[in-house]
Structures are given as C-alpha cells and as structure tokens.
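**Student:** Per this note's numbering, residue 244 is the first one in the sequence shown, and the count goes up by one each step. Where a beta carbon is used, it is the ideal one built from N, C-alpha and C, also for glycine. A quick note: this is a predicted structure, and the numbers were derived from the prediction, not measured. Dropping a structure here in structure tokens format, bear with me for questions.
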Amino acid sequence: MSVVKVWVGGCLVASGAAWFTFPAQEAATPHAVCGPDLGRDDVVAARSQAVAVVEAVENTRYREDGGSAYLTTRVKTLDTLKGEFGNVLDVTQGVKNGGAPGRFTTEDPDRYAVLEPGRWYVIAVQSGSTTGIAGSEAWAWYAEPAERGLAGERQHWQEAIVHPPETVVSSACEDVDAPVG
C-alpha cells in the first residue's frame, strides 16, 4: 500500500497561517473484467449470432430505461457475412443518455459506432431476431464503419470467421483487485 500526502488548505489563525498534511491511503482498485475483446474481429465473429454489412436507413426510436439509453435504427442488409439477415430489419444499440437525433454517442465509438442514416456499417448481433419480421429487433453489440467496401469487408470477415481465436473469453464478469503501486 502506498502513502500519499494530501495537502489540506491552510487556516488562518490569530498568529498567522498554518498548513497541515496527513497521509492518505490508497486501497486496491477493483476492476471488472467482462465479456469478449471486441477489439479483435476474430473474437467478434466467433461470439456473434450474425454479422453483416448494412446501410443505416433511419433512426426510428430513442428511449431511456433504468439509467440506460437505447437507439433503434432500421437497416438494409447489403451483405450477410455470418448467420441470416432479412432485407430490412430494426437494430437496437446502447447509447449514452441524453442524446438527440444526429447527436448520439457511445462509450467506444471505434468499435461501437452509432448507426447514422445513409452510412454503411459492419454490425455484429448478439441476440434478438435478424429476420426483419415486423415488431422484432436485433441487439447489435458491435458496429464499425464499413470502410473496406463490400468485397473488402467480406474477405476480411470471412477470414475472421474461418480462423476463430484459440480460446474465446467468457462473457461472464469477474472482479479483479489490482494492487496499486
């Protein structure tokens, strides 16, 4: 355990000013290690129910529930890479609270981009229906701009699908205490 001196503002007394210090103790910092590494496309492909290149058509609903916020976007399937996708379907994703149309954001915009109408994305669906049946929606846990074009994305993701990681991280959370210092 390390000791840190914390300087507390001085106080004025009749005879002048005084400064006080006292040691502050830092405890171990708990960290939660949760879910697969979405920074690795082979892990995303292995852990996803379905993967596709889609075009975002329109944001259809924003809602806040229990401290979380969700954005539902209607998408058009351009190329199915894994699983099955209907031609058009609703996809829901988590976003930060307080968003406004065109101004939504996520915690990790590089691996979980907000679906903006008119743009192409590779999305990975973790759960829900990808059939496009009215009233159904899929949960996208990964969304990245499709910058390689259709053929490039297909080649890249087929490689990730064919070569899954040796071990796939469990989606269960484990608390880990990381000692300080």
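Out of Val334, Val287, Ser291, which one is the CA nearest neighbour of Glu301?
**Tutor:** Val334
**Student:** May I ask you to report which of helix, strand or coil DSSP gives His406?
**Tutor:** Coil at His406, not helix or strand.
**Student:** Assuming Ala403 contacts Asp322 under a Cβ cut-off of 8 angstroms, what Cβ separation, rounded to an integer in Å, is found between them?
**Tutor:** Between Asp322 and Ala403 the Cβ distance is about 14 angstroms, and since that is not below 8 angstroms, they are no contact.
**Student:** Helix, strand or coil, according to DSSP, for Leu358 in the structure here?
**Tutor:** coil
**Student:** Measure from the alpha carbon of Trp400 to the alpha carbon of each residue in Tyr305, Glu307, Asp308, Gly326, then state which is nearest.
**Tutor:** Gly326
**Student:** Would you kindly work out how many angstroms separate the C-alpha atoms of Tyr364 and Val296, rounded to a whole number?
**Tutor:** 6 angstroms
**Student:** Please say whether Gly375 and Leu332 have beta carbons closer to each other than 8 angstroms?
**Tutor:** yes
**Student:** So if DSSP puts Pro388 in a beta bridge, which residue, or which two residues, is it bridged to?
**Tutor:** Looking at the DSSP assignment, Pro388 forms a beta bridge with Tyr364.
**Student:** Check each candidate in Ala288, Ala289, Thr303, Gly282 and name the one with the smallest Cα separation from Glu380.
**Tutor:** Thr303
**Student:** To which residues of the same chain is Gly329 closer than 6 angstroms at the C-beta, ignoring the five residues directly before and after it?
**Tutor:** Thr374, Gly375
**Student:** When the Cα atoms are used, what is the spatial distance from Tyr313 to Arg306?
**Tutor:** 5 angstroms
**Student:** If you compare alpha carbons, which of Ala377, Tyr385, Pro352, Glu396 is closest to Arg317?
**Tutor:** Ala377
**Student:** Which of the three DSSP states is assigned to Asp353 in this structure?
**Tutor:** Looking at Asp353 - three-state DSSP - the assignment turns out to be coil, as it is neither helix nor strand.
**Student:** How is Ala312 classed by DSSP in three states: helix, strand or coil?
**Tutor:** strand
**Student:** Less than 8 angstroms between the beta carbons of Ala394 and Ile366, yes or no?
**Tutor:** no
**Student:** Which residues mark the beginning and the end of the beta strand (DSSP E) in which Gln292 is found?
**Tutor:** Counting along the chain, Gln292 falls outside any beta strand (DSSP E), and DSSP gives it neither H nor E.
**Student:** Which of the three DSSP states is assigned to Glu396 in this structure?
**Tutor:** helix
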